[in-house]
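Novice:
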Amino acid sequence: MPECPQQPTSIHSTQCDNFEIWTLCDICLIGFGTVGSYKDQETPLPGQYYDSDGLIHSQQTSAERGRYQRMPDCLIIGVRKGGTRALLDAMALHPMIRVARKEVHFFDYNDAYRKGTEWYREQMPFAEAQQLTVEKTPGYFTSELAPERVYKTNPNIKIILILRDPVVRTISDFTQVYYTKKERHKTVPKFENVAFLSNSTAINTLYKPVRNSLYAEHLKRWLKYFNLSQILILDGDRFITDPFSELQKVETFLNLPHQIDMSHHVIDVLNIKSIMLSRSSAARILYQARSFSLTAGRCAAPAAAKKPEKKASLPQDTDSFCMNLFRGKANLKQVFPYPVDLNDERRETLNMILGGTEKFLEEVNDVVKNDENASIPKEVLAQFAEYGAFGALVPEEYEGAGLNNTQMARLAEVVGSHDLGLGVVMGAHQSIGYKGVLLYGNEEQKQKYLPDLATGRKFAAFCLTEPSSGSDANSIRSRAVLSPDGKHYILNGSKIWISNGGFAEVFTVFAQTPVELPDGSVKDKVSAFVVERGFGGVTSGPPEKKMGIKGSNTAEVYFENVKIPVENMLGAKGEGFKVAMNILNNGRFGIPAAMTGAMKHCIQKTIEHITTRTQFGRKLEEFGNVQEKLTDMIVRHYATESIVYMLAANMDRGIQEYQLEAAIGKVMGSENAWIVCDNAIQLHGGMGFMKECGLERVLRDIRIFRIFEGANDVMRLFIGLTGMQHAGKHLQHTVKQVSSGNVSALFGEVMRRASRSTGGDFSSVVHPSLKSSAALADAAIAHFGKTVETLLTKHRKNIIDRQYEVSRVAQAAIDIYSMIAVLSRCTRTLNSAGGDQNHEQQIAELFVRQASRRAIEQLKEADGATLDDLPYITSIAKDVCKNHALNQVHPIDV
Numbered sequence: 001m002p003e004c005p006q007q008p009t010s011i012h013s014t015q016c017d018n019f020e021i022w023t024l025c026d027i028c029l030i031g032f033g034t035v036g037s038y039k040d041q042e043t044p045l046p047g048q049y050y051d052s053d054g055l056i057h058s059q060q061t062s063a064e065r066g067r068y069q070r071m072p073d074c075l076i077i078g079v080r081k082g083g084t085r086a087l088l089d090a091m092a093l094h095p096m097i098r099v100a101r102k103e104v105h106f107f108d109y110n111d112a113y114r115k116g117t118e119w120y121r122e123q124m125p126f127a128e129a130q131q132l133t134v135e136k137t138p139g140y141f142t143s144e145l146a147p148e149r150v151y152k153t154n155p156n157i158k159i160i161l162i163l164r165d166p167v168v169r170t171i172s173d174f175t176q177v178y179y180t181k182k183e184r185h186k187t188v189p190k191f192e193n194v195a196f197l198s199n200s201t202a203i204n205t206l207y208k209p210v211r212n213s214l215y216a217e218h219l220k221r222w223l224k225y226f227n228l229s230q231i232l233i234l235d236g237d238r239f240i241t242d243p244f245s246e247l248q249k250v251e252t253f254l255n256l257p258h259q260i261d262m263s264h265h266v267i268d269v270l271n272i273k274s275i276m277l278s279r280s281s282a283a284r285i286l287y288q289a290r291s292f293s294l295t296a297g298r299c300a301a302p303a304a305a306k307k308p309e310k311k312a313s314l315p316q317d318t319d320s321f322c323m324n325l326f327r328g329k330a331n332l333k334q335v336f337p338y339p340v341d342l343n344d345e346r347r348e349t350l351n352m353i354l355g356g357t358e359k360f361l362e363e364v365n366d367v368v369k370n371d372e373n374a375s376i377p378k379e380v381l382a383q384f385a386e387y388g389a390f391g392a393l394v395p396e397e398y399e400g401a402g403l404n405n406t407q408m409a410r411l412a413e414v415v416g417s418h419d420l421g422l423g424v425v426m427g428a429h430q431s432i433g434y435k436g437v438l439l440y441g442n443e444e445q446k447q448k449y450l451p452d453l454a455t456g457r458k459f460a461a462f463c464l465t466e467p468s469s470g471s472d473a474n475s476i477r478s479r480a481v482l483s484p485d486g487k488h489y490i491l492n493g494s495k496i497w498i499s500n501g502g503f504a505e506v507f508t509v510f511a512q513t514p515v516e517l518p519d520g521s522v523k524d525k526v527s528a529f530v531v532e533r534g535f536g537g538v539t540s541g542p543p544e545k546k547m548g549i550k551g552s553n554t555a556e557v558y559f560e561n562v563k564i565p566v567e568n569m570l571g572a573k574g575e576g577f578k579v580a581m582n583i584l585n586n587g588r589f590g591i592p593a594a595m596t597g598a599m600k601h602c603i604q605k606t607i608e609h610i611t612t613r614t615q616f617g618r619k620l621e622e623f624g625n626v627q628e629k630l631t632d633m634i635v636r637h638y639a640t641e642s643i644v645y646m647l648a649a650n651m652d653r654g655i656q657e658y659q660l661e662a663a664i665g666k667v668m669g670s671e672n673a674w675i676v677c678d679n680a681i682q683l684h685g686g687m688g689f690m691k692e693c694g695l696e697r698v699l700r701d702i703r704i705f706r707i708f709e710g711a712n713d714v715m716r717l718f719i720g721l722t723g724m725q726h727a728g729k730h731l732q733h734t735v736k737q738v739s740s741g742n743v744s745a746l747f748g749e750v751m752r753r754a755s756r757s758t759g760g761d762f763s764s765v766v767h768p769s770l771k772s773s774a775a776l777a778d779a780a781i782a783h784f785g786k787t788v789e790t791l792l793t794k795h796r797k798n799i800i801d802r803q804y805e806v807s808r809v810a811q812a813a814i815d816i817y818s819m820i821a822v823l824s825r826c827t828r829t830l831n832s833a834g835g836d837q838n839h840e841q842q843i844a845e846l847f848v849r850q851a852s853r854r855a856i857e858q859l860k861e862a863d864g865a866t867l868d869d870l871p872y873i874t875s876i877a878k879d880v881c882k883n884h885a886l887n888q889v890h891p892i893d894v
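Per the UniProt record's numbering, residue 1 is the first one in the sequence shown, and the count goes up by one each step.
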């Protein structure tokens, strides 16, 4: 055998940040010559094999079936965390290859080897005569016994060895050894202290992951028995970045036609990469450092020409659970313990307000007449104002009730359980109508407007949506231009679908205003204003005829040369979009709060019906289908309620970054309420369809909440892209640190990812009886972070256009946050002395089981499991839109 010029059996070292890094030179991988046979003995013919005693046997076949189990034609070997599983899964795509899915360990485990070759053959998959059988057991590569045993069994076998950068692989292996087996390792040493020791003997003796990375030492044993022509050595790191070129080498090596390529299966590209990337945190970081860059939180391709670099700001840390979720990180500060904590004074105030409100809703407000007449009488609204309903969140010094968000959520829940139309009037008035004055108003503006608005002497409306803008708030066309004397803004434009728009006296209006930029140019930007009907030029259209919430007023509002005093601008000039988004975020918790009330109403009516209605000689409550629907309604209500009061309590604690949690609450509440009400109607049978039952009105009323204050489809994109932007900023920072040679940054990120994927954070905060449920949440969080990273790496700046994937990631985020809210709430109950603890625990456990399955499935779809559907979806939709009608031929052609 020709000698390797660099002593192939030795390990070469280089210096990296004062640590010795053991590497295998490229020549050692490709420069070995052939070696002689193991010993002079009879060679089996094709289709024959040696047994463990050295005797030759013929292959057993089953011609009648056309498929049979046979000894493997090829072995995949390597080292743990080296990419063997990804390679096996990729090879399984080839129609001429059949793979053994589990690691057999026949040649490296004595107990298995003693079972004999017949047992080994039975572990192989059934294959047709022309197909090749492949087994993957990476441990064969480092085993001292395996090379000889493999050769004795079949010296003609082909071997594929996949290897990765030994340092990266070692770091990844260290992560698995110490962090996935914490119970065995009470004290986790630092990686540097374990791996980068000066004494190589200590390393070989004490640390197996490092020893496994000494590739030349192991390869030397195999080359004693097999020619290099029988061994294909693949670069595992290249397999991550360019899987198809490596797979073509495999096909050539096995004398197979090239059938795995980009045109073969788009999903397979993603699976190959995700399999490889998901198996090594360090490899993911280094891979991104080589090929991935982010700019301002959005993925960007490398610039064609080098530009002066701006000083990059460090990514902002946050305690928001949902923002951290997109990094695969479980930050529990805002979710454990369950944050609701009303003091005695606030409880007493709330009880007093709710008592009067419920009496008013039952005795004064007539929800049926409001619906039939499509309006709520002024005197009814005036009486409702006496209970403080229109100034709940306004401080007492401005004549408000001075409630906090938790109290407000409970009030919205009670109103939602009786009359959603009235709830819309209340919410449009204070949750968004004059919320801008509360959040951004100066003292003069608050003194001028809040007292009349809080007492219901005047009503407010929020004017953002326009005919041409829809959900795109930045594209509004209403315009406000400063007057020549500089004292007024002249406003022109119109707004549509404005709740309270027909009778409101005060409007929060958003319009484009010319803004001078630092370079002297002028650009239109959105600004916010407080506009009074009394300014002149403000008119309203007739009330819109709606499907539901008919008691509320919805109208178009027109502004024609309205003179707005300059002091009525809300916030800074050109920052109206920010004002609008913060108003919507701040008031969004009111929607799921009202939805919990509506759900509770539907559930109560259903319970009364199924416990009294008899069919087929039995009460409806005794039937399994009825129990399933009722339980689903109860679980959905519990989860939504858990989110509402967690969100409201965190807002009361002064937490500022809750936009994702609020959006999730809005989506969760509006969609769960629709399902709960629909199930209630179904369980009522024909009676539920009748107007007298009242559920048809609730269903009509609920439908708008999936569109209100941000359509749910848009909310999902908001959730997904906002979270990915946050993750992208941190990923950008980490990539830059690693690229610059910051080994500490690499280790820190590896350990962070290790801890996120192995769980443990929940064990100290959830009730012991909920630990199995917490484990499901842990797994979903780890999967979530990896999926987000994979999507960012693959799509870069184009992620913003990948709505199919982003919406599924968002749905997974919704389910995961809901799981955490449920576990936190149930833990509080189990730690207390009140309530039916067993009942609540069953609700929580069932929800987590269902939500975790949904989340994992959504993530699989986002990461490629259903990407094959996309071409069909796109093509079908385009064909119909092009034709302006359905394209298919009618079945009877008439």
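The beta-carbon is built from N, C-alpha and C at its ideal position, and this holds for glycine as well.
No experiment lies behind these values; they were computed from the predicted model shown.
1. Go ahead and pull the three-state DSSP assignment for Ser229.
2. Based on DSSP bridge pairs, tell me the residues matched to Asn492.
3. Return the CA-CA distance between His884 and Thr874, expressed in angstroms with no decimal places.
4. Closer than 7 Å by C-beta to Phe503: which residues in its own chain qualify, once you throw out the five before and the five after it? Chain order, please.
5. Throw me the rounded Cβ distance for the Lys354 and Ala598 pair, which I believe falls under 8 Å.
6. Leaving aside the five residues before and after Ala100 along the sequence, list all residues of the same chain whose C-beta is less than 8 Å from its C-beta, in chain order.
7. Do Leu228 and Lys249 come within 8 Å of each other at the CB atom, strictly closer than that value?
8. Just checking my contact of Gln230 with Ile159 at CB under 8 Å: how many whole Å lie between their CB atoms?
9. How about Ser642 and Ala821: are their beta carbons less than 8 Å apart?
10. For Ser757, which residues from the same chain have a beta carbon less than 6 Å from its beta carbon, with the 5 sequence-adjacent residues on both sides left out?
11. Note the first and the last residue of the continuous beta strand (DSSP E) segment covering Phe384.
12. Between Pro315 and Lys729, which are expected to be in contact by the criterion C-beta below 8 Å, what is the C-beta distance as a whole number of angstroms?
13. Tell whether a beta-carbon distance below 8 Å holds between Lys81 and Pro147.
14. Helix, strand or coil for Lys152? Go by DSSP, reduced to three states.
15. Can you tell me the Cβ-Cβ gap for Thr406 and Ala648, rounded? I've got them flagged as a contact below 8 Å.
16. Quick one: what's got a C-beta closer than 8 Å to Tyr287's C-beta in the same chain, skipping five residues either side?
17. DSSP on Pro768, reduced to helix/strand/coil?
18. Note down the Cα distance separating Ala428 from Lys523, rounded to an integer number of angstroms.
19. Use the C-beta contact count for Met595: other C-beta atoms within 10 angstroms, 16 or more gives buried, fewer gives exposed.
20. In three-state terms, what does DSSP make of Ile159?
21. If you measure between the beta carbons of Val562 and Leu491, is that distance less than 8 Å?
22. Beta-carbon within less than 6 Å of Gly297's beta-carbon, same chain only, minus the 5 sequence neighbours each way: which residues are those?
23. Quick check: what's the CA-CA separation for Tyr440 versus Gly571?
24. Three-state secondary structure (DSSP) at Lys554?
25. In terms of residue numbering, what span does the alpha helix (DSSP H) encompassing Ile681 cover?
26. Determine the burial state of Glu103: buried for a count of at least 16 other Cβ atoms within 10 Å of its Cβ, exposed for fewer.
27. At what residues does the beta strand (DSSP E) containing Pro514 begin and finish?
28. Is Val414 a contact residue of the ligand SAM, with contact defined as CB to any heavy atom under 7 Å?
29. Just to confirm, is the Cβ distance from Lys666 to Arg588 under 8 Å?
30. Exposed or buried, what is Tyr872 when buried is set at 16 or more other beta-carbons lying within 10 Å of its beta-carbon?
31. Check whether the region 765 to 783 touches the region 813 to 830, taking contact to mean three or more Cβ pairs, one atom from each stretch, closer than 8 Å.
32. Between which residues of its own chain and Arg279 is the CB-CB distance below 8 Å, once the five residues before and five after are set aside?
33. Less than 8 Å between C-beta atoms, sequence neighbours within five positions excluded: which residues of the same chain meet that for Cys677?
34. Would you mind sorting Thr611 into buried or exposed? The rule is 16 or more other CB atoms within 10 Å of its CB.
35. By the 10 Å Cβ neighbour count, where 16 or more other Cβ atoms means buried, how is Ser320 classified, buried or exposed?
36. Can you check DSSP and say which residues form a bridge with Gln615?
Specialist: In terms of the structure at hand:
1. Start at 1 with the first residue of the sequence shown, and residue 229 comes out as number 229. In the structure shown, Ser229 falls within a helical segment according to DSSP collapsed to helix, strand and coil.
2. Counted from its first residue, the sequence shown places residue 492 at position 492. Beta-bridge pairing links Asn492 to Arg479.
3. Reading the sequence shown from its first residue, position 884 is the one you call residue 884. Reading the sequence shown from its first residue, position 874 is the one you call residue 874. The C-alpha of Thr874 is placed about 15 Å away from the C-alpha of His884.
4. Reading the sequence shown from its first residue, position 503 is the one you call residue 503. Cβ within range, chain order: Phe459, Asn553.
5. Counted from its first residue, the sequence shown places residue 354 at position 354. Counted from its first residue, the sequence shown places residue 598 at position 598. It is Leu, not Lys, that sits at residue 354 in the sequence shown. About 17 Å; that fails the 8 Å criterion.
6. Working through the sequence shown from its first residue, we reach residue 100 at position 100. Within the same chain, Ala100 has close Cβ partners Pro72, Gln123, Met124, Pro125, Thr133, Val134, Glu135, Lys136.
7. Here the question's residue 249 lines up with position 249 in the sequence shown. Here the question's residue 228 lines up with position 228 in the sequence shown. Contact flag unset, no.
8. The sequence position of residue 230 within the sequence shown is 230, counting from 1. The sequence position of residue 159 within the sequence shown is 159, counting from 1. Confirmed, Cβ separation roughly 6 Å.
9. Within the sequence shown, numbered from 1, the residue matching residue 642 stands at position 642. Within the sequence shown, numbered from 1, the residue matching residue 821 stands at position 821. For the 8 Å CB-CB criterion, Ser642 and Ala821 form a contact.
10. As a first step, residue 757 must be located in the sequence shown, where it is residue number 757. At Ser757 the pLDDT is 48, less than 50, meaning the model places this residue with poor confidence; the figure from the coordinates comes in the next sentence. By the criterion of a C-beta distance shorter than 6 Å, Ser757 is surrounded in its chain by Ala782, once the five residues flanking it on both sides are discounted.
11. In the sequence shown, residue 384 corresponds to position 384, counting from 1. For Phe384, no beta strand (DSSP E) segment is defined; the enclosing uninterrupted segment is the alpha helix (DSSP H) at 378 to 385.
12. For the purposes of this step, residue 315 is taken as the residue at position 315 of the sequence shown. For the purposes of this step, residue 729 is taken as the residue at position 729 of the sequence shown. Right, their Cβ atoms sit about 4 Å apart.
13. For this step, residue 81 is matched to residue 81 along the sequence shown. For this step, residue 147 is matched to residue 147 along the sequence shown. With a cutoff of 8 Å on beta-carbon distance, Lys81 and Pro147 are scored as not near each other.
14. Here the question's residue 152 lines up with position 152 in the sequence shown. Note: Lys152 maps to helix in three-state DSSP.
15. Taking the first residue of the sequence shown as 1, we reach residue 406 at position 406. Taking the first residue of the sequence shown as 1, we reach residue 648 at position 648. Yes, Thr406 and Ala648 are in contact; Cβ-Cβ is about 5 Å, under 8 Å.
16. For the purposes of this step, residue 287 is taken as residue 287 along the sequence shown, with counting starting at 1. Any reading at Tyr287 is ruled out, since the residue's pLDDT is 41, under 50, leaving its predicted position unreliable.
17. Taking the first residue of the sequence shown as 1, we reach residue 768 at position 768. In the structure shown, the three-state DSSP call for Pro768 is helix.
18. Along the sequence shown, read from residue 1 onward, the residue named residue 428 stands at position 428. Along the sequence shown, read from residue 1 onward, the residue named residue 523 stands at position 523. The alpha-carbon atoms of Ala428 and Lys523 are separated by roughly 31 Å.
19. One-based indexing of the sequence shown puts residue 595 at position 595. Only buried fits Met595, as 16 or more other CB atoms lie within 10 angstroms of its CB.
20. Your numbering for residue 159 matches position 159 in the sequence shown. It is a strand residue.
21. Position 562 of the sequence shown, counted from the start, is the residue given in the question as residue 562. Position 491 of the sequence shown, counted from the start, is the residue given in the question as residue 491. Note that the C-beta distance between Val562 and Leu491 is below 8 Å.
22. Residue numbering aside, residue 297 sits at position 297 when the sequence shown is read from its first letter. A caution first: Gly297 carries a pLDDT of 32, below 50, which makes its placement in the model unreliable, though a value can still be read off. In chain order, Gln725, Gly728, Lys729 place their CB closer than 6 Å to the CB of Gly297, counting only its own chain and leaving out the 5 sequence neighbours on each side.
23. Here residue 440 corresponds to residue number 440 of the sequence shown, with the count starting at 1. Here residue 571 corresponds to residue number 571 of the sequence shown, with the count starting at 1. Rounded to the nearest angstrom, the two C-alpha atoms are 6 Å apart.
24. As a working mapping, residue 554 is identified with position 554 in the sequence shown. Correcting the residue type first, residue 554 is Thr in the shown sequence and not Lys. Note: Thr554 maps to strand in three-state DSSP.
25. Position 681 of the sequence shown, counting from 1, holds the residue named residue 681. Membership of Ile681 in the alpha helix (DSSP H) is indicated by the continuous run 659 to 684.
26. Translated into the one-based positions of the sequence shown, residue 103 becomes position 103. Per the 10 Å Cβ criterion, buried.
27. If you number the sequence shown from 1, residue 514 lands on position 514. Boundaries of the beta strand (DSSP E) harbouring Pro514: 506 to 516, taken from the DSSP string.
28. No copy of the ligand SAM occurs in the structure displayed, which carries no ligand at all.
29. Along the sequence shown, read from residue 1 onward, the residue named residue 666 stands at position 666. Along the sequence shown, read from residue 1 onward, the residue named residue 588 stands at position 588. In this structure, Arg588 lies closer than 8 Å to Lys666 by Cβ.
30. Your numbering for residue 872 matches position 872 in the sequence shown. When all chains shown are included, Tyr872 counts as exposed.
31. Touching, yes, given that three or more Cβ pairs across the two stretches are closer than 8 Å.
32. Here residue 279 corresponds to residue number 279 of the sequence shown, with the count starting at 1. Here the model assigns Arg279 a pLDDT of 38, short of 50, so the residue's position is not dependable and the matter cannot be decided.
33. Along the sequence shown, read from residue 1 onward, the residue named residue 677 stands at position 677. So the qualifying residues of the chain are Ala598, Met599, Cys602, Leu695, Val698, Leu699, Ile702.
34. Within the sequence shown, residue 611 is the residue found at index 611, counting from 1. Thr611 comes out exposed.
35. Counting from 1 along the sequence shown, the entry for residue 320 is found at position 320. Answer is buried; the Cβ neighbour count reaches 16.
36. For the purposes of this step, residue 615 is identified with residue 615 of the sequence shown, where counting begins at 1. Answer by DSSP bridge pairing, in chain order: Arg618.
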